[in-house]
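Residue numbers (UniProt numbering), protein chains in the order written: chain A, 1 to 322; chain B, 1 to 322. Backbone N, C-alpha and C fix where the C-beta goes; we use that ideal spot for every residue, glycine too. Report on one structure; see the data block that follows.
There are 2 protein chains.
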Amino acid sequence: MDIARIEAAAQRLAGHARRTPLLGSPFLDEIARRRVLVKAECLQHTGSFKFRGAWSAISALPPETRARGIIAFSSGNHAQGIAAAAKLHGVPAVIIMPSDAPAAKVTGTRGLGAEVVPYDRATEDRDALGARLAQERGLALVKPFDDPEVIAGQGSCGLEIAEQAAEAGVTRADVLVCCGGGGLTSGIALALEARAPGLRVRPAEPEGFDDVRRSLASGRIERNAALSGNICDAIVTPQPGNLTFPIMKRLCGPGLAVTEDEALSAMALAFRHLKIVAEPGGAVALAAALFRGDELEGDAVICTVSGGNVDAGVFARALVLL
Amino acid sequence: MDIARIEAAAQRLAGHARRTPLLGSPFLDEIARRRVLVKAECLQHTGSFKFRGAWSAISALPPETRARGIIAFSSGNHAQGIAAAAKLHGVPAVIIMPSDAPAAKVTGTRGLGAEVVPYDRATEDRDALGARLAQERGLALVKPFDDPEVIAGQGSCGLEIAEQAAEAGVTRADVLVCCGGGGLTSGIALALEARAPGLRVRPAEPEGFDDVRRSLASGRIERNAALSGNICDAIVTPQPGNLTFPIMKRLCGPGLAVTEDEALSAMALAFRHLKIVAEPGGAVALAAALFRGDELEGDAVICTVSGGNVDAGVFARALVLL
Numbered sequence: 001m002d003i004a005r006i007e008a009a010a011q012r013l014a015g016h017a018r019r020t021p022l023l024g025s026p027f028l029d030e031i032a033r034r035r036v037l038v039k040a041e042c043l044q045h046t047g048s049f050k051f052r053g054a055w056s057a058i059s060a061l062p063p064e065t066r067a068r069g070i071i072a073f074s075s076g077n078h079a080q081g082i083a084a085a086a087k088l089h090g091v092p093a094v095i096i097m098p099s100d101a102p103a104a105k106v107t108g109t110r111g112l113g114a115e116v117v118p119y120d121r122a123t124e125d126r127d128a129l130g131a132r133l134a135q136e137r138g139l140a141l142v143k144p145f146d147d148p149e150v151i152a153g154q155g156s157c158g159l160e161i162a163e164q165a166a167e168a169g170v171t172r173a174d175v176l177v178c179c180g181g182g183g184l185t186s187g188i189a190l191a192l193e194a195r196a197p198g199l200r201v202r203p204a205e206p207e208g209f210d211d212v213r214r215s216l217a218s219g220r221i222e223r224n225a226a227l228s229g230n231i232c233d234a235i236v237t238p239q240p241g242n243l244t245f246p247i248m249k250r251l252c253g254p255g256l257a258v259t260e261d262e263a264l265s266a267m268a269l270a271f272r273h274l275k276i277v278a279e280p281g282g283a284v285a286l287a288a289a290l291f292r293g294d295e296l297e298g299d300a301v302i303c304t305v306s307g308g309n310v311d312a313g314v315f316a317r318a319l320v321l322l
Numbered sequence: 001m002d003i004a005r006i007e008a009a010a011q012r013l014a015g016h017a018r019r020t021p022l023l024g025s026p027f028l029d030e031i032a033r034r035r036v037l038v039k040a041e042c043l044q045h046t047g048s049f050k051f052r053g054a055w056s057a058i059s060a061l062p063p064e065t066r067a068r069g070i071i072a073f074s075s076g077n078h079a080q081g082i083a084a085a086a087k088l089h090g091v092p093a094v095i096i097m098p099s100d101a102p103a104a105k106v107t108g109t110r111g112l113g114a115e116v117v118p119y120d121r122a123t124e125d126r127d128a129l130g131a132r133l134a135q136e137r138g139l140a141l142v143k144p145f146d147d148p149e150v151i152a153g154q155g156s157c158g159l160e161i162a163e164q165a166a167e168a169g170v171t172r173a174d175v176l177v178c179c180g181g182g183g184l185t186s187g188i189a190l191a192l193e194a195r196a197p198g199l200r201v202r203p204a205e206p207e208g209f210d211d212v213r214r215s216l217a218s219g220r221i222e223r224n225a226a227l228s229g230n231i232c233d234a235i236v237t238p239q240p241g242n243l244t245f246p247i248m249k250r251l252c253g254p255g256l257a258v259t260e261d262e263a264l265s266a267m268a269l270a271f272r273h274l275k276i277v278a279e280p281g282g283a284v285a286l287a288a289a290l291f292r293g294d295e296l297e298g299d300a301v302i303c304t305v306s307g308g309n310v311d312a313g314v315f316a317r318a319l320v321l322l
């Protein structure tokens with residue numbers, strides 16, 4: 001993985017992904033007691049940064065492979081990113097989703113033209129099902145984060161941050177990134193290493209599901225004890241990826257973790273002061289910027305709001321905190 | 001008023017106002033049965049397009065006049081736009097607000113550094129109070145819409161729409177603009193007349209408060225029967241302005257009007273599919289695009305979401321419609 005691969009992905013994404021804005025508000029600066037700049041990836045196509053990696057990976061396939069179609073496992077944002085990117089390439093997409101996935105996410109993925117194949121978490125082997133379908137139909141698997149072209153696509157977000165931070169006059173700052181498997185975190189870290197070396201990436205996670213923070217601290221891959229039971233479900237993953245962890249280990253500063261209430265408060269403050277919709281897992285970096293200032297350095301902080309695909313009921317829970 | 005004045009305002013705004021994105025979603029296209037492009041001015045500084053006109057007017061003042069300070073009447077978005085633009089110019093701002101204005105708006109305006117002077121709607125004469133303060137302190141009044149430099153500032157939004165629509169491949173479409181006194185509507189109309197003559201502006205208003213629609217139909221300024229009692233309070237004004245109406249009469253197509261429920265539904269759909277926060281008055285143009293398609297022509301429609309300063313309780317009312 002190097003910057004050339006990210007730049008190639010960014011070229012393939014040009015005209016397809018949105019260049020999302022870097023937002024800010026004096027009211028957030030006051031809460032954080034430093035300048036806060038928010039990369040609003042919730043405004044990306046399909047409502048999360050995942051469209052970047054999906055487009056990057058699909059557009060990098062040999063045309064004859066791509067034409068047979070794409071397969072992916074996901075109950076959430078990766079599913080929608082793949083579905084939209086496949087549709088725009090005019091190729092079929094099959095998404096394997098747990099049969100108990102939220103109806104809104106199933107509907108959303110189908111609405112983007114993908115075939116949804118449900119599986120029973122208790123009785124079926126997801127990987128075996130996927131392997132069989134891929135084999136039968138000749139589909140190409142696009143993993144959610146541990147794929148060089150996916151990481152390169154997410155890295156395009158880092159190229160934009162480098163440019164937009166420079167335009168805003170910020171050349172030294174922590175860059176807090178909402179972190180699940182580490183695709184966005186490692187992609188941004190590689191981009192900033194090359195384009196804005198004064199910006200240091202630090203992963204943000206939910207408390208109790210801070211596998212990346214602990215892995216960075218111990219120097220080896222650590223797992224989460226549980227895989228459910230947190231409102232930030234979109235970024236709860238078992239452990240950092242085999243490709244993403246070495247990149248994060250080399251480039252990232254210490255991780256941060258926030259509570260569910262802090263994530264919900266960050267959603268409410270993004271509603272009030274930025275007029276954007278953040279999902280819980282997409283708000284942990286902003287929460288760390290606002291509420292964990294004693295763990296940060298410098299007079300500015302940059303953070304991603306990495307997704308906005310949240311049910312109305314969860315959003316309403318955040319709003320009552322205002 | 002001509003395009004040169006708008007271009008001059010845009011030059012003064014460069015680096016200060018945000019170039020807001022033109023968003024879209026295939027799900028909204030499906031509801032509207034045509035392509036929908038949304039100019040997200042809720043992402044502008046202070047959460048509405050009003051910052052553009054405020055900055056334009058304040059930056060156009062002679063320096064010695066500006067230095068004495070600005071005065072404005074407003075209970076809402078104009079107040080915040082003036083407060084922020086004055087603060088960034090390093091000059092004082094006095095905002096005359098009704099004493100029963102929502103606490104959040106008073107707090108927000110004070111938070112941007114303005115001095116808020118409350119007045120009693122029942123017993124005090126707002127204009128006399130403003131005139132006395134302006135006289136005593138030598139303050140310059142910036143009106144909310146009927147001022148050439150304010151119209152020119154709002155017109156900068158139209159210059160961006162012209163460019164962004166062309167980038168999106170749209171050269172012929174109705175452009176629906178949330179309309180109160182007509183500053184944004186007339187500014188955009190002037191900009192598009194010069195830069196994108198295939199794009200036709202049409203004002204959008206709340207039903208029962210459609211003074212601009214009726215004025216365009218009759219050819220002369222018509223008034224609203226009532227001035228309160230609608231959730232779209234930000235765009236409920238007595239009548240179109242003396243400067244804005246002739247521009248709208250010359251350049252705009254027929255007006256559209258939507259119900260409160262349609263405005264709330266548009267807010268909910270903007271939440272779900274665009275991940276932006278719209279206030280009721282800022283959602284009427286999107287509501288018209290989505291729900292009044294039989295009054296539109298062409299296979300694409302552009303609309304403004306002109307503001308996002310909405311209380312959590314009102315937003316929650318919209319979310320339950322999902």
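Other residues of its chain near residue i: CB distance less than 8 Å, five sequence neighbours each side excluded
{"i": "Ile-188 of chain B", "result": "Gln-154, Gly-155, Cys-157, Gly-158, Ile-161, Val-175, Val-177, Val-201, Thr-304"}
{"i": "Gly-298 of chain A", "result": "Arg-34, Arg-172, Ala-173, Asp-174"}
{"i": "Thr-244 of chain A", "result": "Phe-145, Asp-146, Ile-151, Gly-181, Gly-182, Gly-183, Thr-185, Ser-186"}
{"i": "Glu-295 of chain B", "result": "Pro-254, Leu-256, Ala-288"}
Cutoff 7 Å; reference residue i; Cβ partners in own chain excluding five residues on either side
{"i": "Arg-223 of chain A", "result": "Asp-211, Pro-238, Gln-239"}
{"i": "Gln-135 of chain A", "result": "none"}
{"i": "Ala-168 of chain B", "result": "Leu-22, Leu-37"}
{"i": "Arg-317 of chain A", "result": "Leu-264"}
{"i": "Ser-306 of chain A", "result": "Glu-41, Ser-48, Phe-49, Cys-178, Leu-184, Gly-282"}
Cβ separation of residue i and residue j, assumed to be a contact under 8 Å, to the nearest whole Å
{"i": "Arg-66 of chain B", "j": "Val-91 of chain B", "result": "5 Å"}
{"i": "Cys-42 of chain B", "j": "Lys-275 of chain A", "result": "4 Å"}
{"i": "Tyr-119 of chain A", "j": "Arg-126 of chain A", "result": "6 Å"}
{"i": "Arg-96 of chain B", "j": "Leu-129 of chain B", "result": "Checking the sequence shown, residue 96 of chain B turns out to be Ile, not Arg. Ile-96 of chain B to Leu-129 of chain B, Cβ: 6 Å. Contact."}
{"i": "Ala-226 of chain A", "j": "Gly-282 of chain A", "result": "With 8 Å as the limit, Ala-226 of chain A and Gly-282 of chain A do not qualify as a contact, their Cβ atoms being about 21 Å apart."}
{"i": "Arg-68 of chain A", "j": "Arg-137 of chain A", "result": "7 Å"}
{"i": "Leu-216 of chain A", "j": "Cys-252 of chain A", "result": "6 Å"}
{"i": "Leu-190 of chain A", "j": "Ile-247 of chain A", "result": "6 Å"}
Exposure label - residue i; buried when at least 16 CB within 10 Å
{"i": "Pro-203 of chain B", "result": "buried"}
{"i": "Glu-279 of chain B", "result": "buried"}
{"i": "Asp-2 of chain B", "result": "exposed"}
{"i": "Asn-309 of chain A", "result": "buried"}
{"i": "Asn-77 of chain B", "result": "buried"}
{"i": "Val-170 of chain A", "result": "buried"}
{"i": "Gln-80 of chain A", "result": "buried"}
{"i": "Val-320 of chain B", "result": "exposed"}
{"i": "Arg-121 of chain A", "result": "exposed"}
{"i": "Gln-11 of chain B", "result": "exposed"}
{"i": "Thr-20 of chain A", "result": "buried"}
{"i": "Ala-14 of chain A", "result": "exposed"}
{"i": "Gly-313 of chain B", "result": "exposed"}
{"i": "Thr-123 of chain A", "result": "exposed"}
{"i": "Arg-206 of chain B", "result": "Checking the displayed sequence, the identity of residue 206 of chain B turns out to be Pro instead of Arg. By the neighbour-count rule (16 or more Cβ atoms within 10 Å), Pro-206 of chain B is buried."}
Residue i beta carbon near the ligand SAM (any heavy atom closer than 7 Å)
{"i": "Gly-158 of chain B", "result": "With respect to the ligand SAM, the structure offers nothing, as it holds no ligand at all."}
Cutoff 6 Å; reference residue i; Cβ partners in own chain excluding five residues on either side
{"i": "Arg-5 of chain A", "result": "Ala-152"}
{"i": "Gly-241 of chain A", "result": "Phe-145, Asp-146, Gly-181, Gly-182"}
{"i": "Val-258 of chain A", "result": "Val-284, Ala-287, Ala-288"}
{"i": "Ala-54 of chain B", "result": "Gly-81, Ile-82, Ala-85"}
Which runs of the beta strand (DSSP E) fall wholly inside the region 178-256 of chain B and span at least 3 residues, in chain order? 199-206
Can you give, in chain order, each stretch of the beta strand (DSSP E) that sits fully within the region 86-142 of chain A and has at least 3 residues? 93-98, 115-119
Output, in sequence order along the chain, the residues in the region 264-284 of chain A whose CB is closer than 7 Å to any CB in chain B. Those residues of the region 264-284 of chain A that come within reach of chain B (Cβ to Cβ, closer than 7 Å) are Phe-271, Lys-275, Ile-276, Val-277.
Which residue spans inside the region 10-79 of chain A form an unbroken beta strand (DSSP E) run of at least 3? If we require 3 residues or more, the beta strand (DSSP E) runs fully inside the region 10-79 of chain A come out as 35-40, 70-73.
Along the region 25-42 of chain A, where does the CB come closer than 9 Å to a CB of chain B? Name the residues. Ser-25, Pro-26, Phe-27, Glu-30, Ala-40, Cys-42
Just by C-beta distance, which residues in the region 10-22 of chain B are closer than 7 Å to chain A? When C-beta distances to chain A are compared with 7 Å, the residues of the region 10-22 of chain B below that value are Arg-18, Pro-21, in chain order.
For the region 47-64 of chain B, list every residue whose C-beta sits within 7 Å of some C-beta in chain A, in sequence order. Gly-47
Can you list, in chain order, the residues of the region 289-317 of chain B whose Cβ is nearer than 7 Å to any Cβ on chain A? If the cut-off is 7 Å between Cβ atoms, the region 289-317 of chain B has Gly-308, Ala-312, Phe-315, Ala-316 near chain A.
Ignoring anything shorter than 3 residues or poking outside the region 265-298 of chain B, list the beta strand (DSSP E) runs there in chain order. none
For the region 68-91 of chain B, enumerate the residues whose C-beta is nearer than 9 Å to any C-beta of chain A, in chain order. Ala-84, Lys-87
Taking only beta carbons into account, state which residues of the region 174-204 of chain A come closer than 7 Å to chain B, listed in chain order. none
Report the residues of the region 139-169 of chain A with a CB closer than 8 Å to any CB of chain B, ordered along the chain. none
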